[in-house]
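There are 2 protein chains.
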Amino acid sequence: MTVSRVINRSGAISRETRERVEAAIAELGYVPNTLARSLRMKATQTLALVVSDITNPFFTTLARGVQDAARAEGFNVIFCNTDESETEQAEQLVALVQKRVDGVLLVPAASSAEPVAYLKRHKIPVVVLDRRVEDCLVDSVRCDSELGAYQLTRLLLDLGHRRIAMLSGPATVSTAVDRVAGYRRALTEAGLEVVAGLIFHGAYSPIGGRQMAQAALACTRRPTAFFAANNFIAIGAYQQLREAGLRVPEDVSMATFDEMPLTTLIEPFFTVVAQPAYEMGQRAMQLLLARLTNTAVGECQEVILPFDLIVRRSTGPVPAA
Amino acid sequence: MTVSRVINRSGAISRETRERVEAAIAELGYVPNTLARSLRMKATQTLALVVSDITNPFFTTLARGVQDAARAEGFNVIFCNTDESETEQAEQLVALVQKRVDGVLLVPAASSAEPVAYLKRHKIPVVVLDRRVEDCLVDSVRCDSELGAYQLTRLLLDLGHRRIAMLSGPATVSTAVDRVAGYRRALTEAGLEVVAGLIFHGAYSPIGGRQMAQAALACTRRPTAFFAANNFIAIGAYQQLREAGLRVPEDVSMATFDEMPLTTLIEPFFTVVAQPAYEMGQRAMQLLLARLTNTAVGECQEVILPFDLIVRRSTGPVPAA
DNA sequence: CTGTTAGCGCATTCAA
DNA sequence: TTGAATGCGCTAACAG
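Those protein sequences? They're chains R and H, same order as listed. The letter at position 135 of the first sequence is residue 135 when you use our numbering, and the numbering goes up by one with no holes. The letter at position 29 of the second sequence is residue 1029 when you use our numbering, and the numbering goes up by one with no holes.
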């Protein structure tokens, strides 16, 4: 139809017909069908963001960054949760391929490169966010978890702590692994022995945090500091410590990765490595859009964003024995 | 093709051909195209949730409820933010119609019934969530804001407060209006005069909260209690009070609507009317799905869910003058 | 049980 | 400047 030309401003149209068409559109309440358009164009103008849990403030902030950047270019974004499960993730990716999304931002549930390969096989551009995957031929945006953990551990060491429990995430997730690595490096450099019994892996969730804190408290010599690998672990661990009658920071110190926005506003408490979630989302989306529009983008990029180490009230000196 | 029958398990197929087809599918990495399917079927198996800000924990929790319920029935959900703007909302709805979503869950940016009518005109079922709209012929799920506000105000009155500042949301939003109404009723029933100068309307955001708190503090006789209409307002107001050198609850009391999940876990502080966000999302989705599948659902339903009034540390008696 | 025909609503290509 | 034919990938309805 000529209608198509009017709607898309493609081709030349006499003013008269255009007005006639526009009038008809208004009168009939006609709304073009994106499905048909996408089918024909082989492009959906839709991108996806796959995260573990859209309930985590770190990811919601990231999501806003993603969405704002996408909106600016006229793209829609679909959000998916994997709940940190590789099977869930695989299902989600299949669904996204079925929908023929133009690109995917992926916070991988594990470090396997298979999901990335899967998308590439279907010619869907991917940007890996927040975490590493084994294979390296992907665009990616993240912070340096190893360095962050190193600095946070240094901070605790400088305060005099020697028995620092590391409450990390799933051993399959790169951030969890890297944060343990940074922790180890700091200890080793300080000439201290790394005690395997003080390193824990669990879910990136309040429950995971509780369980790990409980296990850590069961050690013969109680740790004087707790390093939580993310905000949810910190929360759970904190609750567990309180229930065990311990005060933070008087009895034990705590430090963690990731801000907890509302908490921070009300009563800034946790000493954290604050990652720039919004910017991470934005940058990742920009990278993806560049792949989609620019033909010549060259090799894959690896963007490492800086973080802030913010010292607050949850850390203090080792209490007198 | 026969392929379609294999994939959809429709019609009868010999085991041999089925296996042959399945083998080919696996080998080629074939993934069916949802766009084409939806175009043909005139159904997308996709629903939408439109909220003001997906960053607000109240809405993320609600979103999880929505999504979990949808997933259970094989539906996908698209999330949209309106940032409390009617124009944004209108744009989002057009986009959703273009995408031919099968249904919409709407947290309306204003109480105008026009957006609902628009969707109905396009034969898209709607469930209105959390807020009222003027016209009533829609399914809806929410809590009784008037009652919640009434009880919260009563609580403050019982503690002896007489000058209670009401920091509410936009006057165009039903929850903001209803919460003011509940506040007024409590005062009136207690035989107190409602001071117009103590009722404020602003954005449902930390900034809004700050501004209203500032204005309230400028009153000749300072309020002894602050009633925030939602969590974001509470945060902003709290910050403003702190900066003014006031302690909560020693100098002033605060009460609010909506939990702040992480905050609550760490250091339960605010006295709140806690709405069951997750259930609200779930119920709304169930209602929508009923409309979509069941043909005979009868009249529109209005589900009012109960809330919890939780008393915590942010409220206390009026300090001695 | 399997294949064929047709059309969902759009945009590209070519003709008028 | 406009219209007609064609096909994107799928499924419903019918034939074989």
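A virtual CB, placed ideally from N, CA and C, is assigned to each residue, including glycine.
- By the beta-carbon neighbour count (other beta carbons within 10 angstroms, threshold 16), I304(R) is exposed.
- Residue contact with chain R for P1115(H): absent (no Cβ-Cβ distance below 8 Å to any residue of chain R).
- Contact of E1027(H) with chain R is not assigned, every C-beta pair being separated by 8 Å or more.
- Counting C-beta pairs closer than 8 Å gives fewer than three between the region 145-155 of chain R and the region 77-94 of chain R, which falls short of the contact rule.
- Collapsing the DSSP output to three states places A1213(H) in a helix.
- For I1054(H), no beta strand (DSSP E) run applies, since DSSP gives it neither H nor E.
- For M1041(H), the secondary structure class from DSSP, reduced to helix, strand or coil, is helix.
- Counting other Cβ atoms within 10 Å of its Cβ, Y30(R) stays below 16 and is therefore classed as exposed.
- Burial state of T175(R) is buried, judged by a 10 Å Cβ sphere holding 16 or more other Cβ atoms.
- Judged by DSSP secondary structure, T315(R) falls outside any alpha helix (DSSP H); it is assigned neither H nor E.
- With 16 or more other Cβ atoms inside 10 Å of its own Cβ, G1065(H) counts as buried.
- A distance below 8 Å separates the beta carbons of V133(R) and V116(R).
- For A1255(H), the closest Cβ of chain R is not nearer than 8 Å.
- Exposed is the label assigned to P319(R), since fewer than 16 other Cβ atoms lie within 10 Å of its Cβ.
- Contact holds between the region 1046-1065 of chain H and the region 48-62 of chain R, because three or more Cβ pairs, one in each stretch, are under 8 Å apart.
- Looking only at A1171(H), A1165(H), S1145(H) and L1289(H), the smallest Cα-Cα distance to G1103(H) is reached by L1289(H).
- Taking C-beta separations shorter than 8 Å and ignoring five residues to either side along the sequence, the partners of S111(R) in its chain run R131, R132, V133, E134, T172, V173, S174 and V177, following chain order.
- Contact check between the region 217-225 of chain R and the region 247-262 of chain R: three or more CB pairs, one atom from each, fall below 8 Å, which counts as touching.
- DSSP links N8(R) through a beta bridge to no other residue.
- Annotated three-state conformation of E1302(H) is strand, per DSSP.
- Under the Cβ criterion of 8 Å, Y1204(H) is not counted among the residues facing chain R.
- DSSP, read as helix, strand or coil, puts N1294(H) in coil.
- Interface criterion met: the Cβ of T1263(H) is under 8 Å from a Cβ in chain R.
- Each residue's CA atom was taken as its position, placing R20(R) and I7(R) some 12 Å apart.
- Straight-line spacing of the CA atoms in F200(R) and A1244(H) works out to 43 Å.
- The count of Cβ pairs closer than 8 Å, one atom from the region 40-49 of chain R and one from the region 262-270 of chain R, stays below three, leaving the stretches out of contact.
- A distance of 8 Å or more separates the beta carbons of P1276(H) and F1232(H).
- By the 16-neighbour rule on beta-carbons within 10 angstroms, D139(R) is buried.
- With fewer than 16 neighbouring CB atoms inside 10 Å of its own CB, C1136(H) falls in the exposed class.
- Counting only runs that start and end inside the region 259-294 of chain R, the beta strand (DSSP E) elements of at least 3 residues fall at 271-274.
- Around the CB of S4(R), fewer than 16 other CB atoms lie within 10 Å, so the residue is classed as exposed.
- Within chain R, no residue has its beta carbon less than 7 Å from that of Q1214(H); the closest one is some 16 Å off.
- The C-alpha of A1109(H) lies about 12 Å from the C-alpha of A1203(H).
- Using a 10 angstroms sphere on the CB of I1235(H), the tally of other CB atoms reaches 16 or more, which defines it as buried.
- Taking 8 Å as the Cβ-Cβ cut-off, the region 1053-1087 of chain H approaches chain R at I1054, T1055, P1057, T1060, T1061, A1063, R1064, Q1067, N1076, I1078, F1079 and N1081, given in chain order.
- DSSP, read as helix, strand or coil, puts S168(R) in strand.
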